[in-house]
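For the sequence shown, our numbering gives the first residue as 20, with consecutive numbering after it.
Structure first, then comments.
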Amino acid sequence: MPVNYLDVVTLGRTRLSVGRLGFGMAPLGGLYSPVTDEQAASVLAHTWDKGIRYYDVAPLYGYGQAEVRLGRMLQQHPRDEFVISTKVGRLLYPLEEVLARPELDRDFQRLGSVTGIGGETSGEDLNDWYYRGVPDVRPVYDYSYDAVMRSVESSLERTGLSGLDILWIHDPDNHWEQAIGGAYPALADLRSQGVVSAIGAGMNQSEMLTRFALEGDFDAFMLAGRYTLLDQRALDDLLPVCLEKGIAIVIAGVMNSGLLANPTPDSHFDYGPASEAMEWLDKALKLKAVCERNGVPLRAAALQFVHAHPAVATVVAGVRTIAHVDDTIEKMQVEIPDYLWDELKAEGLLHPEAPTPKLGK
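Here you go:
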């Protein structure tokens, strides 16, 4: 049956309750194009008016300004009426210091190299990063114990909040040893001290999250892009382990960077140009064709599919306009016939073992 986005579920083994739809702050941090404070405030106020109470952010998003913008809105509401998650693993340094210290593990994510917009970029062209209209700071990877503590303190300062609910180790793909040996003990200490209620990791891959699940004591994971209507790789490794251990999954990147929202070569896939991922673009077009034959919007199928897995607690959607907020809510309430999922499996577009929503259940 359609997903009631206002339904509240318990996040794994924690005492936290989250709605079935959360809001991700990356777009309002200026992902791909600038967003003004006024635009962000308007969209955030609308999400609150619509009943959304779970918000996810990170120091990376807008290089701190997403946390500031979210904090301004949340400070207007009682602390026990919302859940907020943020991330650790990147510290924000003044731009001049980043340029002057090549030994820093700099996070060079530039607009040109990531999205194909604007042509090639030089190695030091820090005005062409994929967050636009940002402060004169840049992210530096650091998953050490002390860096995590500094990161949490900085996030509290930027948001202006008295506490945080969930902390994710953010994108530690190339930093396993430091993440499991530094960041994880820091988060575990913060949890035991009652500073946060839940800890986990957030990544665009399922393999390392599976390793975290097997080697640590985590409450939840944020999985981006690896369990979607387009890509169900996590069904074979991460999700069974999480079910066994009672670890909740928060789905991000449900549209695979926008490819499922609008499958064209001009769209993004995994934060890069879809034109450079033709195999995935072709699959997205086939998914769209089956959905259209059955009178179902592709976005509706994408949003509702992931909720059928019992390990999934909620979906975090990142949008930048009021219209996109309303459209996301609308698509979660579309009635989808059971035979759509059967047809997708019959055509080899959906993992044969993937749980699917059932109309009337």
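C-beta: ideal position from N, C-alpha, C; glycine also.
Counting along the chain, where does the beta strand (DSSP E) carrying His-75 start and finish? For the sequence presented, residue 75 should be read as Asp rather than His. Note, Asp-75: beta strand (DSSP E), 73-75.
Supposed contact pair Val-338 and Val-344 - C-beta distance, whole angstroms, cut 8 Å: 6 Å
Under 8 Å by Cβ, that's how I've got Ala-202 and Val-167 pegged, so tell me the actual separation to the nearest angstrom. 5 Å
Residues of its chain near Thr-33, where Cβ-Cβ distance is below 6 Å and the 5 sequence neighbours each way are ignored: Ser-216, Ala-217 and Asp-238
When burial is assigned at 16 or more other CB atoms within 10 Å of the CB, is His-96 buried or exposed? exposed
What does Thr-55 pair with, by DSSP beta-bridge criteria? Answer by DSSP bridge pairing: none, since Thr-55 is not bridged.
3 or more residues per run - each beta strand (DSSP E) lying fully within the segment 180-215: 185-189
Residue range of the alpha helix (DSSP H) that Lys-350 falls in? 341-351
Distance, Cα to Cα, Glu-122 vs Gly-108? 17 Å
Using the beta-carbon count (16 or more within 10 Å), is Thr-347 buried or exposed? buried
Can the beta-carbon of Met-241 be found closer than 9 Å to that of Val-269? yes
Buried or exposed for Thr-333, going by 16 or more other Cβ atoms inside 10 Å? buried
Please give me, in chain order, every unbroken run of the alpha helix (DSSP H) with length at least 4 that falls completely inside the segment 271-358. Within the segment 271-358, the complete alpha helix (DSSP H) runs of at least 4 residues are 297-312, 317-324 and 341-351.
Would you mind working out which of Pro-204, Asp-184, Gly-200 and His-189 sits nearest Gly-213, comparing C-alpha positions? Distances from the CA of Gly-213 to each of Pro-204, Asp-184, Gly-200 and His-189 were compared; the closest alpha carbon is that of Asp-184.
Boundaries of the alpha helix (DSSP H) in which Gly-90 is found, first to last residue: 84-93
Within the same chain, show all residues whose beta-carbon is closer than 6 Å to that of Ser-276, passing over the 5 residues directly before and after it, in chain order. His-287, Phe-288, Asp-289 and Tyr-290
Spell out a yes or no on whether the segment 40-60 and the segment 297-312 are touching, meaning 3 or more CB-CB pairs, one atom from each, closer than 8 Å. Output reads no: the segment 297-312 does not touch the segment 40-60.
Quick check on DSSP: helix, strand or coil for Phe-231? helix
Could you please give the first and the last residue of the uninterrupted alpha helix (DSSP H) stretch that includes Val-167? 164-178
Going by Cα to Cα distance, which pick from Pro-113, Phe-324, Gly-41 and Ala-232 is closest to Thr-105? Gly-41
Can you check the segment 92-129 for any beta strand (DSSP E) of at least 3 residues that lies completely inside it and give the ranges in chain order? Complete beta strand (DSSP E) runs here, min 3: 102-107 and 109-113.
By Cβ distance, which residues of its chain are closer than 7 Å to Ala-373, with the 5 residues on each side in sequence left out? Listed in chain order, the non-local C-beta contacts of Ala-373 below 7 Å within the same chain comprise Gln-251 and Leu-254, local neighbours out to five positions each way being set aside.
Three or more C-beta pairs below 8 Å linking the segment 69-84 and the segment 150-161: The answer is yes - the segment 150-161 touches the segment 69-84, with three or more Cβ pairs under 8 Å.
Which one of Asp-236, Trp-195 and Gly-235 has the shortest CA to CA distance from Gln-224? Trp-195
Local Cβ density within 10 Å of Gly-272, reported as buried at 16 or more and exposed below that: By the 10 Å Cβ count, Gly-272 comes out buried.
Candidates Arg-39, Pro-329, Tyr-149 and Glu-362: which alpha carbon is nearest Val-260's? Pro-329
Identity of the residues DSSP links to Val-241 by a beta bridge: Per the sequence shown, residue 241 should be read as Met rather than Val. DSSP, once it has assigned bridges, lists Gly-221 and Val-269 as partnering Met-241.
Just to confirm the assignment, what range does the beta strand (DSSP E) spanning Val-28 have? 27-29
Taking the beta strand (DSSP E) that Pro-158 falls in, what are its first and last residues? 156-160 is the span of the beta strand (DSSP E), which, as asked, contains Pro-158.
Host beta strand (DSSP E) of Leu-40 (start-end): 40-43
With a 10 Å radius around its C-beta and 16 neighbouring C-beta atoms as the bar for buried, classify Gly-200 as buried or exposed. Exposed is the label assigned to Gly-200, since fewer than 16 other Cβ atoms lie within 10 Å of its Cβ.
Who are the Cβ neighbours of Ala-220 in its own chain at under 8 Å, not counting the five residues just before and after it? Trp-187, Ile-188, His-189, Pro-191, Ala-198, Met-227, Leu-228, Phe-231, Phe-237, Phe-240 and Met-241
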